[in-house]
């Protein structure tokens, strides 16, 4: 009976140590970080916890670095004096900066747009679609008679693979 009690107590200690790993993983998923306690009564468990803590710390630092890079890119795109719109192959907007919204007369800076079809004229949409179909870069000028301006468009065809399929994203 003493052996069963001791075994039960030992397994509870080990399970408890690894149970905290689960909560730490949930925290990192929410963008929070808390150091993992690596000291344990059993040296083998401490060694494993040390390794898990090392990987956990690296994952968190990687997430922070990616957030910093993402914020830099957002800052650059937002403050460009050129309109940038990145759309997927269905012409759904992935990224749009404020300057691009200003180019289109029906755009509002604070509105979230789903498709470029909500913003652009049929002429622009046709040119983007043509670029996608040809799978190459396109350049064209369009005259906006209402604003008395000529807009230069550069559509860069860029192909990349995600987990599911090949997507095409032109940059206008």
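Numbering (the numbering used here), first residue to last: 418 to 589. Heads up, the beta-carbon is just placed ideally off N, CA and C, and yes, glycines get one too.
Reduced DSSP secondary structure (H/G/I, E/B, other) of residue 557: In the chain shown, residue 557 corresponds to position 140, counting from 1. Three-state DSSP puts residue 557 in a strand.
Whole-Å CB distance - residue 516 paired with residue 488, under 8 angstroms assumed: Looking up residue 516 in the chain shown gives position 99. Looking up residue 488 in the chain shown gives position 71. Rounded, the Cβ-Cβ distance is 19 angstroms, inconsistent with contact.
Where the alpha helix (DSSP H) containing residue 476 begins and where it ends: Walking along the chain shown from the start, residue 476 turns up at place 59. For residue 476, the enclosing alpha helix (DSSP H) begins and ends at 460 to 495.
Residue span of the alpha helix (DSSP H) that contains residue 501, given as start and end: Residue mapping note: residue 501 aligns to position 84 of the chain shown, counting from 1. Neither: residue 501 is in no alpha helix (DSSP H) and is coded neither H nor E.
Three-pair Cβ contact test at 8 angstroms for the region 563 to 576 versus the region 531 to 551: Contact holds: three or more Cβ-Cβ distances are below 8 angstroms.
Length of the line joining the Cα atoms of residue 508 and residue 455: Translated into positions along the chain shown, residue 508 becomes position 91. Translated into positions along the chain shown, residue 455 becomes position 38. Cα to Cα, the separation comes out at about 50 angstroms.
Per-residue burial, residue 473 [other beta carbons within 10 Å of its own, 16 or more giving buried]: For the purposes of this step, residue 473 is taken as residue 56 along the chain shown, with counting starting at 1. Here residue 473 is buried: its Cβ has 16 or more other Cβ atoms, across all protein chains shown, within 10 Å.
Member of 475, 511, 504, 537 whose CA lies at the smallest distance from the CA of residue 519: Your numbering for residue 519 matches position 102 in the chain shown. If you compare the alpha carbons of 475, 511, 504, 537 with that of residue 519, the shortest gap goes to 537.
Nonlocal neighbours in the same chain, by C-beta distance under 8 angstroms from residue 511, ignoring five residues either side: As a first step, residue 511 is located in the chain shown; it is residue number 94 there, counting from the start. Contacts found: 503, 504, 505, 586.
Beta-carbon gap between residue 494 and residue 501 smaller than 8 angstroms: Working through the chain shown from its first residue, we reach residue 494 at position 77. Working through the chain shown from its first residue, we reach residue 501 at position 84. Yes, they are a contact pair.
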